[in-house]
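Chemist: Dropping a structure here in structure tokens format, bear with me for questions.
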């Protein structure tokens, strides 16, 4: 289901984005396959430069309510350029205790493209993730356009009236 056009449209969204949010459900559904928000079209990679983007792909972001649903052994967490996990303060502490790699907890604006060899965990909210707080922190860290590829998180954004634009695309 889905086709080349759907896949290309997803890549157009990625070309425009500073970051792409994925949910932990997708990681669990593909336990042995690393995920990156790469672009498959060289023309779209070139177009990113025209949009003022410095990198060939948007930043990889993984959202979790409390950190406990993150598959700790997933290959995505071991890529040379690690993703940024978005969760609560308690979730960040839980992940730091259980992951067998350096984890940097972040609760204030910073350059998220720096030091990607360390797993960065962006935190807002005490026990559960504060959606508005995380989005604000992303924006203050320089990510003004974020694409969401996590269906459950899209519903969360709609519930909290935090979704600016919506494009429904189905690609497999």
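In this note's numbering, the protein residues as written are 15 to 186. The C-beta atom is built at its ideal place from N, Cα and C for all residues, glycine as well.
#1: Check residue 150 in the structure and name its three-state DSSP category.
#2: Tell me whether residue 27 counts as near the ligand NAP, meaning its Cβ is closer than 7 Å to at least one heavy atom of that ligand.
#3: Out of curiosity, what's the CA-to-CA distance linking residue 98 and residue 91?
#4: Assuming the contact rule is C-beta atoms closer than 8 Å, residue 53 and residue 70 should be a hit. Round their C-beta distance to whole Å, please.
#5: Between the Cα of residue 37 and the Cα atoms of 78, 44, 102, 28, which residue gives the shortest distance?
#6: In whole angstroms, give me the CA-to-CA distance for residue 140 and residue 61.
#7: Helix, strand or coil for residue 106? Go by DSSP, reduced to three states.
#8: Can you look up residue 33 in the DSSP assignment and give me helix, strand or coil?
#9: Just confirm the distance between the C-beta atoms of residue 102 and residue 137, as a whole number of angstroms; I'd bet it's less than 8 Å.
#10: Can you round the beta-carbon distance between residue 96 and residue 150 to whole angstroms, since I take them to be within the 8 Å contact cut?
#11: Name, in chain order, the residues that DSSP records as bridge partners for residue 120.
#12: What residues in its chain sit with their C-beta under 6 Å from that of residue 51, if we drop five residues either side in the sequence?
#13: My output table needs one value for residue 162: the three-state DSSP class, helix, strand or coil.
#14: Taking residue 160 and residue 168 to be in contact with their CB atoms under 8 Å, please state how far apart those CB atoms are, rounded to whole angstroms.
#15: Going by DSSP, what residue range makes up the beta strand (DSSP E) through residue 74?
#16: Please classify residue 166: is it buried, with 16 or more other beta-carbons within 10 angstroms of its beta-carbon, or exposed?
#17: Does residue 100 come out as helix, strand or coil in the three-state DSSP assignment?
#18: Is it buried or exposed for residue 176, if we count other Cβ within 10 angstroms and need 16 for buried?
Modeler: This is what the structure gives:
#1: Counting from 1 along the chain shown, the entry for residue 150 is found at position 136. The answer is helix: DSSP assigns residue 150 an H, G or I state.
#2: The ligand NAP is absent from the structure shown, which contains no ligand whatsoever.
#3: Position 84 of the chain shown, counted from the first residue, corresponds to residue 98. Position 77 of the chain shown, counted from the first residue, corresponds to residue 91. Using only the alpha carbons, I get a separation of about 9 Å.
#4: Sequence index remark: in the chain shown, residue 53 carries index 39 (1-based). Sequence index remark: in the chain shown, residue 70 carries index 56 (1-based). Indeed they touch by this definition, with Cβ atoms about 7 Å apart.
#5: In the chain shown, counting from the first residue as 1, residue 37 sits at position 23. Ranking the options by Cα distance to residue 37, first place goes to 78.
#6: Along the chain shown, read from residue 1 onward, the residue named residue 140 stands at position 126. Along the chain shown, read from residue 1 onward, the residue named residue 61 stands at position 47. Using only the alpha carbons, I get a separation of about 39 Å.
#7: To locate residue 106, count along the chain shown from 1; it is residue 92. Correct three-state label for residue 106: helix.
#8: For the purposes of this step, residue 33 is taken as the residue at position 19 of the chain shown. Here residue 33 sits in strand by DSSP.
#9: Counted from its first residue, the chain shown places residue 102 at position 88. Counted from its first residue, the chain shown places residue 137 at position 123. Yes, they are in contact, since the Cβ atoms of residue 102 and residue 137 sit about 6 Å apart, within 8 Å.
#10: As a first step, residue 96 must be located in the chain shown, where it is residue number 82. As a first step, residue 150 must be located in the chain shown, where it is residue number 136. About 22 Å separates the two Cβ atoms, so there is no contact after all.
#11: For this step, residue 120 is matched to residue 106 along the chain shown. In the DSSP output, where bridge partners are listed per residue, residue 120 has 136.
#12: The residue you call residue 51 lines up with position 37 of the chain shown. So the list reads 28, 34, 71, 72, 74, once near-sequence residues are dropped.
#13: In the chain shown, residue 162 corresponds to position 148, counting from 1. It is a strand residue.
#14: One-based indexing of the chain shown puts residue 160 at position 146. One-based indexing of the chain shown puts residue 168 at position 154. No, residue 160 and residue 168 are not in contact; Cβ-Cβ is about 12 Å, not under 8 Å.
#15: In the chain shown, residue 74 corresponds to position 60, counting from 1. Element bounds for residue 74: 73-77.
#16: Taking the first residue of the chain shown as 1, we reach residue 166 at position 152. In summary, residue 166 is exposed, with fewer than 16 beta-carbon neighbours lying within 10 Å of its beta-carbon over all protein chains present.
#17: Counted from its first residue, the chain shown places residue 100 at position 86. DSSP places residue 100 in strand when its eight states are reduced to three.
#18: Position 162 of the chain shown holds residue 176. Residue 176 is exposed by the Cβ-count criterion.
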